[in-house]
């Protein structure tokens, strides 16, 4: 029955029933963490043989004979550049290999824009605003907040950000850029449609130093068979003089090891040059032995894609536990809707307005840790207090069953209480 | 015979003799690189077993059970923090483990000061000057230049920077800091005396956000038996409320692998907190598997120190080739003096004023690549045109013999020509 159609007594009965269930839940002293998109240990085991791929026997030299143990090679060893060039479908000259995380690449790139600018005056000497599709990735918002970049939200729709709004906002020359997750977005799991990517490539921002950080974190992170396809942004830009507006990043954090992966940038030659100029001051080159490990283990893009099927085998049952339980317990009740992603690491759950913070807090008290409510919005403020990000990758199937059961108890209890308040 | 005491004819004869030798040198088509402080392949071989220290058999968990493959642990795994705490003789709570290079730590720290300040207004919104002991490390100067920090030189004397000048300069509130290499300095090989370190600890800068980047790159990098001892700056600061002025960095770049080492910061709790706040936005944590490899391979500080003796065995003969040849060919001629360091990676050579650029250029034409003349001064300007940095670590003994022979030919030729000009 739809909650909103219940009378007071029905709601009271429901509240009492789930209040009792919540007390039972608390008495179980659970300790479960669904807060971050962390691969599970059994996913990490999939890459364990990589650790043996560089040793005294196999050698430590790149294909061109370069000793990967020593200083040098700012932008990555050639075979690793080739791997990522093929992955992102760009030319090797448009690739720079980074350290163990694309987060650091993004932070350092914004630093570069603040200090040296993006072809114009340093951002640090300008008033800088970013467009933020919401719900979005909390770490993107944190970077903006750290650098004092004002955040303007636009809705993330089924097929990408609200491009009407984006096209309007970029008429303001102080609007300097965006962070976007174009495929299997965090947390919604949406993939930008071809039309959306084309509209991005056609943008004519007032700011000549406009930059979209195209965070392609989940480029091959499918969990369903009929996976999403993302149009190549640099292909879309061809002939439009807009390629400088896009800086794409990705990493193997959720392919090999989250703490010891390899990241990469894809960008126009002009942007690559500017990034290398900064890197020449900042670093002696990233860890080339780890680049070598990755290339030797995965071999090529086909190797990467095959490996992702093994991840999907671990992930799909975990997503299904959550989605099946939501379907059974929450559908047709008017209190929740959720995403059903074909890839990525998250399920985005929207519950009745004004209830998310309370639900997350009650879950926490019952030993079920979720991402903070509001985290998917700039400054942690979800004005509807409705969105909850679910990260099902890390717990075991059994733990997920407990977690989703507990979560649904909290949702029903909080929603019933909320309706009784009115 | 002293060049300056020769008559014209003697100088002409000398010039002709060495001009002939230079032509012979060029005809040998050498290809030698003494430009950077790069360990030789036989030094890198010393750590090769480290690559096998983390694998499926040995496991990938830290002592506290943490899975080093996954996300998390911003400041380093406990056993790695302990290793560096013991190395730098500070408490573990004063340590943060970085990525593969202390250069990046330093760059990122200056970024942090530019964006967020060092307890006061962001440096990016102030006029910032740094005191630069010269000759010094070119990459320190490059960082200052990148961030638009004005550089004021002071002489690096036998026992440290000219502290009279430093104490005078810090009365200017826009003088915000210094980069120093307190032990086996780059390029001079000097180590700061206890008195110098005490004077540092007693500094009363007008700028409350004054910061000395204490780049202890060569903390255990002895090549002589009677090695230098450096007083612990944080011990010296005790009871003086000056500890926040110092941020110490080091790394294993020249202990394990230059491209795949581990770096560390030692700083006051206040500075550590500020650095962690930035890191929480910038990174998902540095490569913990590599931290684990290092701890398992070196075990403890004694292990590190024993390992450095193996490096010294490779380095000392290389330094000796250069120093012995200088002694034989250049001493008592009034045209050159040089350092005789007990550790570090460089020999600092000062030749007759106005000759360094010419010598480096002629060496280069003969296939002997040296560090650019001027590189040891801010903006690449050595107003005496006298200092040349020699990096003897990378070439083989035979190559070094060729290189130093060629270098001395060029020096004598250029000095004779210079004197003939007058």
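Chains as they are written, first to last, in this note's numbering: chain A, 27 to 448; chain B, 27 to 448.
We treat Cβ as the ideally placed atom computed from N, Cα and C, and that holds for glycine.
Computed from a predicted model, the values in this text were never measured in an experiment.
Taking the DSSP output, what are the residues bridged to residue 239 of chain A?
A/205 and A/273
> Is residue 133 of chain B close to chain A, meaning its C-beta is less than 8 Å from at least one C-beta of that chain?
Replying inline: yes
Cutting at 8 Å between CB atoms, please list the residues of its own chain near residue 180 of chain B, excluding the five before and the five after it. 157, 158, 159, 160, 187, 188, 191, 192 and 195
For a test of the three-state rule: what should DSSP assign to residue 442 of chain A, helix, strand or coil? helix
| task | Run down chain A in chain order and give the residues with a C-beta less than 8 Å from the C-beta of residue 283 of chain B. | result | 95, 96 and 315
Check: Whole-angstrom Cβ separation of residue 142 of chain A and residue 304 of chain A, contact assumed at under 8 Å?
Finding: 7 Å
Q) Thinking just about the alpha-carbon of each residue, which of A/372, A/350, A/438 and A/253 is nearest to the one in residue 27 of chain A? A) A/438
Open item on the list: Looking only at its chain, what residues have a beta carbon closer than 7 Å to the beta carbon of residue 366 of chain A, apart from the 5 residues adjacent to it on each side?
Closed with: 349
Work out the CA separation of residue 287 of chain B and residue 279 of chain B for me, nearest whole Å. 5 Å
### Message
Counting only C-beta atoms, is residue 330 of chain A closer than 8 Å to chain B at any point?
### Response
no
query = So with Cβ pairs under 8 Å, would you call residue 361 of chain A a contact of chain B?
reply = no
In terms of DSSP beta bridges, what is residue 413 of chain B paired with? B/376
### Task
Compare the C-beta of residue 153 of chain B against all C-beta atoms of chain A and say whether one is closer than 8 Å.
no
(request) Could you name the residues of chain A that residue 77 of chain B contacts, counting a contact when the two beta carbons are closer than 8 Å? (result) 80, 81, 82, 86 and 315
Could you tell me whether the Cβ atoms of residue 418 of chain B and residue 344 of chain B are closer together than 8 Å? yes
| query | Per the contact definition of three or more C-beta pairs closer than 8 Å, is the stretch 211-220 of chain A in contact with the stretch 366-385 of chain A? | reply | yes
request  = Tell me the start and end of each unbroken beta strand (DSSP E) in the stretch 60-145 of chain A that is at least 3 residues and wholly inside, in chain order.
outcome  = 121-123
Going by DSSP, what residues sit across from residue 369 of chain B in a beta bridge? B/248
By a C-beta neighbour count over all protein chains shown, 10 Å radius and 16 as the cutoff for buried, is residue 274 of chain A buried or exposed? buried
- Identify every run of the beta strand (DSSP E) within the stretch 262-339 of chain B, keeping only runs that are complete inside it and at least 3 residues long; order them along the chain. 272-277 and 289-293
Output the distance between the C-alpha atoms of residue 146 of chain B and residue 423 of chain A, rounded to the nearest integer angstrom. 50 Å
Discussion item. Less than 6 Å between C-beta atoms, sequence neighbours within five positions excluded: which residues of the same chain meet that for residue 105 of chain B?
Written reply: 89 and 321
How long is the line joining the alpha carbons of residue 431 of chain B and residue 399 of chain B, rounded to whole angstroms?
18 Å
Compile a chain-ordered list of the residues in the stretch 246-279 of chain A whose CB is closer than 9 Å to at least one CB of chain B. 279
task: Starting from residue 177 of chain B, follow the beta strand (DSSP E) in both directions and report where the run begins and ends.
output: 176-183
ask   = Hey, does residue 397 of chain B have any beta-carbon neighbour from chain A nearer than 8 Å?
value = no
Compile a chain-ordered list of the residues in the stretch 114-125 of chain A whose CB is closer than 8 Å to at least one CB of chain B. 125
Q. Taking residue 225 of chain B as the reference, which of B/75, B/266 and B/428 has the closest Cα?
A. B/266
Just the C-alpha distance for residue 346 of chain B and residue 54 of chain B, rounded to the nearest angstrom, thanks. 24 Å
Open item on the list: Quick check: what's the CA-CA separation for residue 410 of chain A versus residue 379 of chain A?
Closed with: 5 Å
Requested in this report: Within 10 angstroms of the Cβ of residue 405 of chain B, are there 16 or more other Cβ atoms? Answer buried if so, exposed if not.
Outcome: exposed
Q. Which chain B residues sit within Cβ distance under 7 Å of residue 173 of chain A?
A. 141
**Prompt:** Out of B/76, B/98, B/153 and B/221, which has the shortest C-alpha to C-alpha gap to residue 184 of chain B?
**Reply:** B/221
Item checked: Terminal residues of the alpha helix (DSSP H) in which residue 191 of chain B lies -> 189-195
Practice problem: If I'm right that residue 434 of chain B touches residue 381 of chain B with Cβ under 8 Å, what's the distance once you round it to whole angstroms? | Solution: In fact, because the Cβ distance is near 13 Å, the residues do not count as touching under 8 Å.
- prompt: Can you name the residues of chain A whose CB is closer than 8 Å to the CB of residue 454 of chain B?
  reply: What the structure shows of chain B is the stretch from 27 to 448, and residue 454 of chain B is not part of that stretch, so it cannot be assessed.
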